[in-house]
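J.:
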Amino acid sequence: MAREGFNEIDYSSIGIRRIGIGVLGYGFMGKVHSNAFLKIPFTYETPPAIPELVAMGGRNKTKLDDTAWRFGYRGVYTDWRRMVEDPRIEIIDNCTPDNLHHAPSIAAAERGKHLICEKPLAMTVQEAKEMLDAVKKAKVKHMCCHNYRFIPAVRLARKLIEEGALGMIYQFRACYLQEVGHDPASPSENVWYATGTKSGVLLGIGCHIIDMARFLVGEIRAVSGMVKTFNPVRRNAAGGEEAVNADEGNIVLVEFENGAIGTLESSGVSTGRKNHHAWEINGSKASLCFDLEDLNHLHVYSAEVPVREIMGFSNVTVTEAYHPLHAVILPQGHNAGWEYGHLHALNHFIDCVVHDRPVEPYGASFEDGYKVQVIMEKIQESSKSGKRIEIRY
Ligand SMILES: NC(=O)c1ccc[n+]([C@@H]2O[C@H](COP(=O)([O-])OP(=O)(O)OC[C@H]3O[C@@H](n4cnc5c(N)ncnc54)[C@H](O)[C@@H]3O)[C@@H](O)[C@H]2O)c1
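Residue numbers (numbering that gives the first Met the number 0): 0 to 392.
1) Which residues does DSSP pair with residue 92 in a beta bridge?
2) Which residues does DSSP list as the beta-bridge partners of residue 170?
3) Tell me which residues share the same chain as residue 199 and place their Cβ nearer than 6 Å to its Cβ, disregarding the 5 neighbours each side in the sequence.
4) By Cβ distance, which residues of its chain are closer than 6 Å to residue 389, with the 5 residues on each side in sequence left out?
5) Residue 75 by DSSP, collapsed to three states: which one?
6) Do residue 36 and residue 20 have their C-beta atoms closer together than 8 Å?
7) Excluding the five sequence neighbours on either side, which residues of its own chain have a C-beta within less than 7 Å of the C-beta of residue 369, listed in chain order?
8) At 3 residues or longer, what runs of the beta strand (DSSP E) sit wholly inside the stretch 280-366?
9) Might you give, ordered along the chain, the residues of its own chain that have their beta carbon closer than 6 Å to the beta carbon of residue 301, omitting 5 neighbours on each side?
10) Is residue 203 buried or exposed, if buried means 16 or more other CB atoms sit within 10 Å of its CB?
11) Near residue 15, which residues of its chain fall below 8 Å by C-beta distance, leaving aside the five closest residues on each side in sequence?
12) Do residue 173 and residue 295 have their beta-carbon atoms positioned less than 8 Å apart in this structure?
13) Given residue 201, which residues of its chain have a CB within under 8 Å of its CB, disregarding the five upstream and five downstream residues?
14) Could you check if residue 55 is buried or exposed, using at least 16 other CB atoms within 10 Å of its CB as the buried criterion?
15) Quick check: residue 210 and residue 145, are their CB atoms within less than 8 Å of each other?
16) Check whether the Cβ of residue 203 lies closer than 7 Å to any heavy atom of ligand 1, and answer yes or no.
17) Mind checking which residues open and close the alpha helix (DSSP H) that includes residue 52?
18) Could you tell me whether any non-hydrogen atom of ligand 1 is closer than 7 Å to the CB of residue 342?
19) Since residue 225 sits in a beta bridge, which residues does DSSP pair it with?
20) In this structure, how does DSSP classify residue 373 when only helix, strand and coil are distinguished?
21) Please identify the residue among 115, 68 and 224 whose C-alpha is closest to the C-alpha of residue 205.
22) Residue range of the beta strand (DSSP E) that residue 233 falls in?
23) Could you tell me whether the stretch 277-291 touches the stretch 155-167, where touching means 3 or more Cβ pairs closer than 8 Å?
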């Protein structure tokens, strides 16, 4: 019974499930994923579970402590091999660089942990296949973090396509452009795709638009690619020379199984472009256009508007309660930010774990991550041989 004044909350009487989370990596994605987990309880009025931030993993104890306590973790691990053994952790969320996705994910799956792994799923097709085999064998839930599937405008586009509003899809063109490496004098440490894991622009951001192509249009039948490194040598901060083998830009012609065709282009040397992820789809009845830098809008042209004089692209603000993924944290009409993709993606994954629901089709599973990896490898092969290559998984 309520008393006047302060009433202590009896947490033991609250039935909602808690779910133990371990986030590996405390850099950019470690922060974005922690932010998403923390926001879940006050974004959704009925969250599937309350994420309990059990541990954050890294190597440098001092830096790790500083980040982990600010974010509210109960503890830290400086060795991921120990972290994947912690019985309090149900979900391991791998936010480490690309070359560390493989080993910890497999070890965690073998210990029965459900797995989230940042994109690209792995460095090679072989690694990706081993990761996929491991999660299938362990029968754990798995998601490759293609967060852009969970942007409300993207989900509205998918809904319109599923409902047939576009008619026959003819063409898809997508780009993901950044300027980070455009200056040849930039030290390699400042150019994310040219240092550390050296996975390149195709693996680093090209993977997002390949995933988007599959998510919106469908399975890819064949690719013809051109992959280029413009600055094969860069100086590092210490003044030494480093060979850069990773690609800095690529262009791909794509044929889809449903007969549509498309172009995909990603770049790390697009001077002036900050995070320009944009795409357009043309169908027989309508066209859709999206730009991540204006993510609360989907541009829609319908050829079926009855009044010819007002036909044209409309700028639909995707923030109403009836739009997909409307977040209850904000009243309708209030804009969402870039980080909402991760928030909705991670909440979706927890929902799948708690209620034993499939991660697909809205989430990207390790199977999707593996297929994107195959496509990226075929694009590189095509660039080397100059030939069109059919995709076989
Ligand atoms: N989905 C997206 O929008 C998006 C955006 C950026 C990066 N990414 C991906 O997320 C991943 C991480 O990228 P980031 O930008 O956060 O990198 P980052 O360099 O900022 O952070 C990487 C973290 O991993 C830790 N780490 C490295 N080696 C480790 C080891 N052996 N053991 C434990 N921890 C180790 C580092 O200490 C650091 O905390 C990459 O795979 C990247 O491609 C995804």
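Note that beta-carbon positions come from the ideal geometry of N, C-alpha and C, so glycine has one too.
T.: In this structure, then:
1) Taking the first residue of the sequence shown as position 1, residue 92 is located at position 93. Partner(s): 22 and 115.
2) The residue labelled residue 170 in the question sits at position 171 within the sequence shown. According to DSSP, which records beta bridges pairwise, residue 170 is partnered with 260 and 281.
3) In the sequence shown, counting from the first residue as 1, residue 199 sits at position 200. 192, 245 and 246.
4) The sequence position of residue 389 within the sequence shown is 390, counting from 1. Exclusion of the five residues before and after residue 389 leaves 221 as the residues of its chain whose Cβ lies within less than 6 Å of its Cβ.
5) In the sequence shown, counting from the first residue as 1, residue 75 sits at position 76. Residue 75: strand per DSSP, three-state reduction.
6) By one-based count along the sequence shown, residue 36 stands at place 37. By one-based count along the sequence shown, residue 20 stands at place 21. Yes, they are a contact pair.
7) Residue numbering aside, residue 369 sits at position 370 when the sequence shown is read from its first letter. These residues qualify, in order along the chain: 120, 127, 128 and 131.
8) 285-290, 296-301 and 313-316
9) Along the sequence shown, one-based indexing puts residue 301 at 302. Answer for residue 301: 285, listed in chain order.
10) One-based indexing of the sequence shown puts residue 203 at position 204. Of the residues assessed, residue 203 falls on the buried side of the cut-off, its CB having 16 or more other CB atoms within 10 angstroms.
11) As a first step, residue 15 is located in the sequence shown; it is residue number 16 there, counting from the start. Cβ neighbours of residue 15 beyond the five flanking positions: 46, 48 and 49.
12) Indexing the sequence shown from 1 puts residue 295 at position 296. Indexing the sequence shown from 1 puts residue 173 at position 174. Their beta carbons are not under 8 Å apart, which means residue 295 does not touch residue 173 by this criterion.
13) The count along the sequence shown starts at 1 and reaches residue 201 at position 202. These residues qualify, in order along the chain: 226, 246, 249, 265, 375, 378 and 379.
14) Looking up residue 55 in the sequence shown gives position 56. Classification of residue 55: buried, given that the 10 Å Cβ count is 16 or more.
15) Here the question's residue 210 lines up with position 211 in the sequence shown. Here the question's residue 145 lines up with position 146 in the sequence shown. Residue 145 sits close to residue 210, with the two beta carbons spaced by under 8 Å.
16) Here residue 203 refers to the residue found at position 204 of the sequence shown. Indeed, a heavy atom of ligand 1 lies less than 7 Å from the Cβ.
17) Walking along the sequence shown from the start, residue 52 turns up at place 53. No alpha helix (DSSP H) holds residue 52; the beta strand (DSSP E) holding it covers 49-56.
18) Taking the first residue of the sequence shown as position 1, residue 342 is located at position 343. Not under cutoff, so the answer is no.
19) By 1-based counting over the sequence shown, the position of residue 225 is 226. Beta-bridge pairing links residue 225 to 250.
20) On the sequence shown, position 374 is the one that residue 373 refers to. Here residue 373 sits in helix by DSSP.
21) Here residue 205 refers to the residue found at position 206 when the sequence shown is read from its first residue. Among 115, 68 and 224, the Cα nearest to that of residue 205 belongs to 224.
22) Your numbering for residue 233 matches position 234 in the sequence shown. From DSSP, the beta strand (DSSP E) with residue 233 extends over 232-234.
23) yes
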